[in-house]
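Step one of this worksheet: look at the structure below.
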Amino acid sequence: MFFDKNNKRYNLFSSYLKKKFNEKVYKVTLDAGFSCPNRDGTLSSTGCIFCDDSGSFSQAHSNKLKVEEQLEVGMAILKKRFRASKFLSYFQAYSNTYKPVNELKLLYDKTLMPNDVVGLSIGTRPDCVDEEKLDLIASYNKTKEVWLEFGLQSANDKTLKIINRGHDYKCFENAYLKAKERNINVCVHVILGLMNETYDDIMYTAKKLAKLNIDGIKFHMLCVLKNTPLEKVYNKNKFRLLSEDEYIDLVCDFLEVLPPKTTIHRIAGNGLNKLLIEPKWIMNKFETLNKIDKMLEKRNSFQGKLFN
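According to my numbering, the sequence shown is numbered sequentially starting from 10.
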């Protein structure tokens, strides 16, 4: 049976980092002014159906600042608030490999210069990496903790088409395998509750990722945000979103089939209050986290229980 030092029945990414670096490591979110091929007209001009104008960015800093300035501000805040001393530079907004490799190197290098930055996390799309970019990212592995975060959302091609993802599952799998050939840690983003997906569809995604033996995962709940294509669909159709109880059950089922070694980077989130339309329950993040813990305990279950 799996338990981490926080008595969690799943493998928290924060615990993994704490064990490796002997203290808590904090992410500093960065906006380097990247775009996305699914928004700039290369694939489409509307983007994924759920994505708002911030490109899934936390909006913690303004991209009017240079990335090294954003990093400095972010670290100062975390040092003052939590007495933090170790950090990961997290390129979060839009597709953070969607520039020529020489420009990427300059950006990444700038955020790895401070001694208290122990690593780098890069959020992107699987269709925005190539051999040269993966070689660059892998080069940082020698001295830093490096993570590549791929937005997948679902392993079902039908769903990917509905949400206007702009790539299929095979594209993701190819990018994932090329990253693993270079020993790059990969975290995969999935969304639970996507329109038209059944329970079996969701568990299909879980089993596909388990088979790949993924390094990390972020769970997201489908939510309707203002000024997104999904808002228009929701206003017209009012499709049903998952309840909190349904989401909790799905997360627990998903965790059971994942490898025990997969790190859980996010299991519940609270969204952006100003943009959120539905579901409102996701604003109670810590309550949902506690309920997931209680459900796993009630089931006498844990991450990897059904992993084969």
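No residue lacks a Cβ here, since even glycine has one placed at the ideal position from N, Cα and C.
- Contact check for V126 and F96: beta-carbon distance about 5 Å, within the 8 Å limit, so the pair qualifies.
- DSSP places K36 outside any alpha helix (DSSP H); the residue lies instead in the beta strand (DSSP E), whose first and last residues are 35 to 39.
- The criterion of a C-beta distance shorter than 8 Å is not satisfied by S163 and R134.
- Under the 8 Å Cβ criterion, the segment 283 to 299 counts as touching the segment 242 to 255, having at least three qualifying pairs.
- Spatial neighbours of N31 in its own chain (CB-CB distance under 7 Å, excluding positions within 5 residues in sequence) are not present.
- Judged by DSSP in its simplified three-state form, E32 adopts coil rather than helix or strand.
- Taken in chain order, the unbroken stretches of beta strand (DSSP E) that lie wholly in the segment 206 to 294 and span 3 residues or more are 225 to 230, 272 to 275, 285 to 287.
- In the structure shown, C137 adopts helical secondary structure according to DSSP, grouped into three states.
- The residue from K217, I223, R249 with its alpha-carbon nearest to that of L231 is R249.
- Under the 10 Å beta carbon count, N222 is surrounded by fewer than 16 other beta carbons and is classified as exposed.
- For the options G160, D49, F311, the alpha carbon positioned closest to that of V199 is the one of G160.
- Under the criterion of beta carbons closer than 8 Å, I226 and C196 qualify as touching, at roughly 6 Å.
- A residue is called buried when at least 16 other Cβ atoms come within 10 angstroms of its Cβ; S98 meets this threshold and is buried.
- Secondary structure note for N194: its beta strand (DSSP E) is the uninterrupted segment 194 to 201.
- Sequence-distant partners of K27 (beyond 5 residues in either direction) whose C-beta falls short of 6 Å from its own C-beta, in its chain, are K33.
- In the DSSP assignment, L21 falls outside any beta strand (DSSP E), carrying neither H nor E.
- CA-to-CA, the gap between G132 and C261 works out to about 25 Å.
- In the DSSP secondary-structure assignment, I131 is bridged to F100, L157.
- Residue range 76 to 91 is occupied by the alpha helix (DSSP H) that includes A85.
- For E306, same chain residues with a beta-carbon under 8 Å away, outside a window of 5 residues either side, are R18 in chain order.
- Each residue's CA atom was taken as its position, placing L145 and I193 some 11 Å apart.
- Within the same chain, Cβ atoms closer than 8 Å to the Cβ of F316 are found at A219, E265, V266, L267, P268, P269, the five residues on either side in sequence being excluded.
- Take D210, set aside five residues on each side of it, and the residues of its chain with a beta-carbon closer than 6 Å to its own are N165, in chain order.
- Setting aside the 5 residues that flank it on each side, I273 is surrounded in the same chain by Y19, N20, L21, F22, I226, each with a C-beta closer than 7 Å to its C-beta; the list follows chain order.
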